[in-house]
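Counting in the numbering used here, the sequence shown runs from 66 upward without gaps.
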Amino acid sequence: MAEYNLRCHGIKERLKMDGFLIRNGERVVFIGDSITDAGRDGDPNGLGYGYVSIIATLVTVAYPDRKIQFINKGISGNRIVELRE
């Protein structure tokens, strides 16, 4: 479904970039507050329903040959300033 929508709107082609910095097999970790967590409901492997999930979907569709692992470590209820603690 996501790939269909991306193709319809031409987003997939616009995402293709020469020199894309994330290589095959790498991890992308998102750290933040409840906006990052975005409803994961404590699922340690979930991406939530916000920007982390959107970015993971866009990159995966644009680069299906790259096995990139996306990790969401957002914590609901915390604020960004509390990340230092």
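We put the beta carbon where it would ideally sit given N, CA and C, even for glycine.
Taking its Cβ as the centre, do 16 or more other Cβ atoms sit within 10 Å of residue i, making it buried, or is it exposed?
| i | result |
| --- | --- |
| residue 112 | buried |
| residue 97 | buried |
| residue 146 | exposed |
Pull up the CB-CB distance for residue i and residue j, whole angstroms please, since I reckon it's below 8 Å.
| i | j | result |
| --- | --- | --- |
| residue 134 | residue 92 | 5 Å |
| residue 136 | residue 94 | 5 Å |
Considering Cα atoms alone, identify which of the options is closest to residue i.
| i | options | result |
| --- | --- | --- |
| residue 115 | 130, 94, 138, 101 | 101 |
| residue 140 | 103, 117, 122, 126 | 103 |
| residue 87 | 138, 124, 146 | 124 |
Leaving aside the five residues before and after residue i along the sequence, list all residues of the same chain whose C-beta is less than 7 Å from its C-beta, in chain order.
| i | result |
| --- | --- |
| residue 89 | 131, 132 |
Can you list, in chain order, the residues of its chain whose CB lies under 6 Å from that of residue i, leaving out five sequence neighbours each side?
| i | result |
| --- | --- |
| residue 99 | 141 |
Between residue i and chain B, is any beta-carbon pair separated by less than 8 Å?
| i | result |
| --- | --- |
| residue 125 | Looking for chain B here will not work: only one protein chain is present. |
Whole runs of the beta strand (DSSP E) within the segment 79-115, excluding any shorter than 3 residues: 92-95
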